[in-house]
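A.B. asks:
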DNA sequence: CTAGGGTTAG
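Numbering (our numbering), first residue to last: 19 to 449.
(1) Identify, in the order they occur along the chain, each residue of the same chain with its Cβ nearer than 8 Å to the Cβ of residue 187, setting aside the five sequence neighbours on each side.
(2) From residue 230 to residue 287, what distance separates their C-alpha atoms?
(3) Taking the straight line between their C-alpha atoms, what separation do you get for residue 312 and residue 133?
(4) Could you check what DSSP says for residue 73 in three-state terms: helix, strand or coil?
(5) Mind checking residue 255: buried by the 16 CB within 10 Å criterion, or exposed?
(6) Does DSSP classify residue 437 as helix, strand or coil?
(7) Should residue 354 and residue 384 be called a contact, given that it needs their Cβ atoms to be closer than 8 Å?
(8) Name the two residues that bound the continuous alpha helix (DSSP H) containing residue 425.
(9) Could you tell me the boundaries of the alpha helix (DSSP H) in which residue 140 lies?
(10) Between 309, 194, 341 and 291, which lies nearest to residue 321 when the distance is taken from Cα to Cα?
(11) Could you check what DSSP says for residue 395 in three-state terms: helix, strand or coil?
(12) Residues in the same chain with beta-carbon distance under 8 Å from residue 435, minus the five sequence neighbours each way, listed in chain order, please.
(13) To the nearest angstrom, how far is it from the Cα of residue 90 to the Cα of residue 55?
(14) What does the Cβ neighbour count give for residue 376, buried or exposed, with the cut at 16 atoms within 10 Å?
(15) Which same chain residues, not among the five before or five after residue 214, have their C-beta less than 7 Å away from its C-beta?
(16) Grouping DSSP H, G and I as helix and E and B as strand, with all else coil, what is residue 276?
(17) Tell me whether residue 125 is buried or exposed, calling it buried when 16 or more other Cβ atoms sit within 10 Å of its Cβ.
(18) DSSP three-state label for residue 195, please.
(19) Whose C-alpha, out of 180, 206 and 249, is nearest the C-alpha of residue 233?
(20) With distances taken Cα to Cα, identify the nearest neighbour of residue 226 among 293, 237 and 218.
(21) With DSSP as the reference, label residue 229 as helix, strand or coil.
(22) Quick one, which of 360, 438, 347 and 302 has its alpha-carbon nearest residue 328's?
(23) Can you give the Cα-Cα distance for residue 268 and residue 241, rounded to whole angstroms?
(24) So for residue 354, helix, strand or coil by DSSP?
(25) Taking the alpha helix (DSSP H) that residue 377 falls in, what are its first and last residues?
(26) I need the straight-line Cα distance from residue 446 to residue 424, nearest angstrom please.
(27) At what residue ranges does the stretch 149-220 contain a whole run of the alpha helix (DSSP H), taking only runs of 4 or more?
(28) My understanding is that residue 262 touches residue 275, with C-beta atoms under 8 Å, so please give their C-beta distance in whole angstroms.
(29) In whole angstroms, what is the alpha-carbon distance linking residue 441 and residue 340?
(30) Do residue 444 and residue 414 count as a contact pair if the criterion is CB distance below 8 Å?
(31) Whole beta strand (DSSP E) runs in the stretch 297-373 with 3 or more residues, listed along the chain?
(32) Using the Cα positions of residue 183 and residue 139, report the straight-line distance between them to the nearest angstrom.
(33) Name the residue from 170, 347 and 392 whose alpha carbon lies nearest to the alpha carbon of residue 430.
(34) Rounded to whole angstroms, what's the CA-CA distance from residue 159 to residue 122? Just pull it up for me.
(35) How many Å lie between residue 147 and residue 115 at the Cα?
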């Protein structure tokens, strides 16, 4: 028969208890006294700030710890040790933690709560002590604690922080099999998040494959994460090829993209000058029953206009209105940009009043776009008028505004006016 | 809790 240590301990307590009370009451008093001891310890740690800064006295906290518990004639609690460890970490005395650990291992009997050890793994990791973190992980059973995926995730998190320690991950995954810890979806999330963060998206996709092969099922969060990382990937040779094919692949495996997923993809496609692909993605959304919001439409509209397909742009604008979406400044600016590119300045200027009627205030960008277009067709006086209107409406100008105006004036050969404007710029120190 | 994500030009 297996006798669990906890039942052994309670038998021992019943036999040797000091108070003629029930076990419940005894426990209560014990907890109370331990709390008092912990309070004393915390006070003594807080009361000596000058010693905290003094690294020559590393034993202070630790001896205070022992002392406060012996003076209350009770055993230190795991929480007390936790406090000591946290304090040592906070005061950059991580190198003194091993002594504390030794004491927990050899002098104490309690079952150490796993979170304390898991947290220490992270402390070690952030202090750059990868070796200590790994050692601690392997040593967890010595602290009368059964390591679970919780500790493993902490370790994986730490290992994934640098490319150097990343190499140790496969070894640790094997090791945890021996320790009988089964990876959970959360572990994969830790790995994939970290891999994406350090730009190792290829490895992240590999992890996703392992996950599927090991029967964990496809995790939507992992998919979204990899997808958005691919969209942000700077190596275009890689991402241009991957983004859509990756999306296609995970969709086949049962992933249903959310609006955010599509937003990421559309933003990527537009940035890459693939406006038509962005439009396709938008259609795909609708097919899948997701109503694209105004941001999606604005991005696609931008992409289409960049391609010069103004007919499609108009269609798209109509469509969004039909869907009941309300265009905002971003949308109007994109649209106005399209009108300006077609040299349809008239329509662009009319948009200002339309916007105002619809309760959408034109902003600096709106005016800059139109100023540029007006100057382009050589209507300097109209541009000046527009600038006055800007001021009137309380829309401040920026250096871009002045550059546009100077450009216009020089283009016209109006050097005098340009000089006047130049002085105004110098006055405002907007150079 | 319903944001965030999106607009000029260099």
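For glycine and all other residues, C-beta sits at the position ideal for the given N, C-alpha and C.
Predicted, not measured: the structure shown is a model, and the values here were computed from it.
C.D. replies: Taking the geometry as given:
(1) By the criterion of a C-beta distance shorter than 8 Å, residue 187 is surrounded in its chain by 174, 177, 178 and 209, once the five residues flanking it on both sides are discounted.
(2) Straight-line spacing of the CA atoms in residue 230 and residue 287 works out to 28 Å.
(3) Each residue's alpha carbon lies about 44 Å from the other.
(4) Caution is warranted here: a pLDDT of 46 is assigned to residue 73, below 50, making its placement in the model unreliable, and the coordinate value is therefore given only provisionally. Three-state DSSP puts residue 73 in coil, outside helix and strand.
(5) exposed
(6) Residue 437 falls in the helix class under three-state DSSP.
(7) Yes; because the gap between Cβ atoms is below 8 Å, this pair is in contact.
(8) 417-430
(9) From DSSP, the alpha helix (DSSP H) with residue 140 extends over 132-144.
(10) 291
(11) Residue 395 carries a coil assignment under DSSP once its states are collapsed to helix, strand and coil.
(12) Same-chain partners within the cutoff: 398 and 427.
(13) 6 Å
(14) Residue 376 should be labelled exposed.
(15) 222, 243, 244 and 247
(16) coil
(17) exposed
(18) helix
(19) Of the listed residues, the one whose Cα sits closest to residue 233 is 206.
(20) 237
(21) helix
(22) Among 360, 438, 347 and 302, the Cα nearest to that of residue 328 is on 360.
(23) 7 Å
(24) helix
(25) No residue range can be given for residue 377, since it is assigned to no alpha helix (DSSP H) and is classified by DSSP as neither H nor E.
(26) 15 Å
(27) 167-177, 181-184, 187-196 and 203-215
(28) About 12 Å separates the beta carbons of residue 262 and residue 275, which is beyond the 8 Å limit, so they are not a contact pair.
(29) 49 Å
(30) Judged by beta-carbon spacing, residue 444 lies beyond the 8 Å limit of residue 414, meaning their Cβ atoms are not closer than that value.
(31) none
(32) 14 Å
(33) 392
(34) 12 Å
(35) 12 Å
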